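Okay, so here's the structure we're looking at.
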Amino acid sequence: MKIEPISNGSLRIWLSEEEIEQWGLHPAADTDSRRARRLVRQALAMAGRRPATRLLAEMIPVDGGCVLLVSPSLRPDSRQPAVYRISDADTLLSLARQWQALPESGPGGPDQPPYLTLYEREEGYDLAVYPCTPLSQRQMHLLLEYGSLLGCGEAAAAHSAEYGSLLAAGDVLTYRGPGPQEPGDFLH
């Protein structure tokens with residue numbers, strides 16, 4: 003096992019095929035999460051790092067083994083904007099459908115909905131979320147289920163604005179567009 007510290011407190015852990023088998027982390031097998039956690043704790047200790055409260059571990063296959071990328075899990079501050087990467091249009095539409103079904107997101111919801119800006123990028127879509135009131139746990143879970151957190155704060159939002167093409171702003175996820183026209187509307 004070779005451990006390589008990289009930026010923002012992340013670790014790159016190189017594992018051979020034998021080490022993958024030893025730790026019971028083979029991608030085809032049903033991985034025991036306790037073993038993965040134990041490996042991450044051991045790697046952090048070997049690198050002289052203290053474990054963060056939340057970590058994200060991603061296993062990336064490479065020739066002759068894999069790379070386990072361990073990163074601190076970002077948690078957005080409820081008072082600052084957060085930017086989420088949405089991979090494609092289908093994922094964005096799925097997020098919008100789920101978001102519209104939330105009681106707190108619909109008309110008459112208990113809280114003022116967040117202000118949203120949606121940017122198109124080559125890599126997908128960036129959704130900047132400006133909370134007017136703290137987001138509900140369900141809203142947070144949906145954003146993390148359908149997108150990946152790119153960053154928090156005004157700088158992250160400004161980066162998306164600078165490098166993306168603005169598609170929409172405001173009530174982006176709950177906007178339903180104009181309703182059907184009444185027959186009498188065609189006569190005027």
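Going by our numbering, the letters in the sequence shown line up with residues 3 to 190, in that order.
The beta carbon of each residue, even a glycine, is placed where N, CA and C say it ideally should be.
The structure presented is a predicted model; accordingly, all values stated were derived computationally and were not measured.
Residue i (DSSP reduced to helix, strand or coil)
i, result
"Leu13", "strand"
"Thr119", "strand"
"Leu152", "strand"
"Val69", "strand"
"Thr176", "coil"
Residue i - partner residues in DSSP beta bridges
i, result
"Ile88", "Tyr127"
"Leu168", "Tyr121"
"Glu60", "Leu71"
"Ile5", "Ile15"
Residue i, buried or exposed, once every other Cβ within 10 Å from all chains shown has been counted against 16
i, result
"Ser162", "buried"
"Gly172", "exposed"
"Arg47", "First, the residue type needs correcting, since residue 47 is Ala and not Arg in the sequence shown. Its Cβ having fewer than 16 others within 10 Å, Ala47 is exposed."
"Leu168", "exposed"
"Pro83", "buried"
"Ala160", "exposed"
Rounded straight-line distance, which links the Cα of residue j to that of residue i
i, j, result
"Glu60", "Ser73", "9 Å"
"Asp90", "Tyr148", "10 Å"
"Arg36", "Trp25", "10 Å"
"Leu70", "Leu13", "8 Å"
"Pro7", "Ala49", "7 Å"
"Leu94", "Ile88", "6 Å"
"Val42", "His143", "24 Å"
"Leu129", "Ser138", "17 Å"
"Leu17", "Glu164", "39 Å"
"Thr176", "Ala158", "23 Å"
"Tyr117", "Leu146", "17 Å"
"Asp65", "Glu19", "9 Å"
"Gln44", "Ala170", "46 Å"
"Gly166", "Pro63", "31 Å"
"Leu120", "Val131", "9 Å"
"Glu122", "Met3", "40 Å"
"Arg52", "Arg39", "14 Å"
"Pro136", "Leu58", "24 Å"
"Leu27", "Tyr127", "32 Å"
Integer Cβ distance of residue i from residue j, believed to fall under 8 Å
i, j, result
"Ile15", "Ile5", "5 Å"
"Cys134", "Gln102", "Contact flag wrong, Cβ pair sits at about 18 Å."
"Gly153", "Val85", "5 Å"
"Leu97", "Arg140", "Actually they are not in contact, since the Cβ atoms of Leu97 and Arg140 sit about 12 Å apart, beyond 8 Å."
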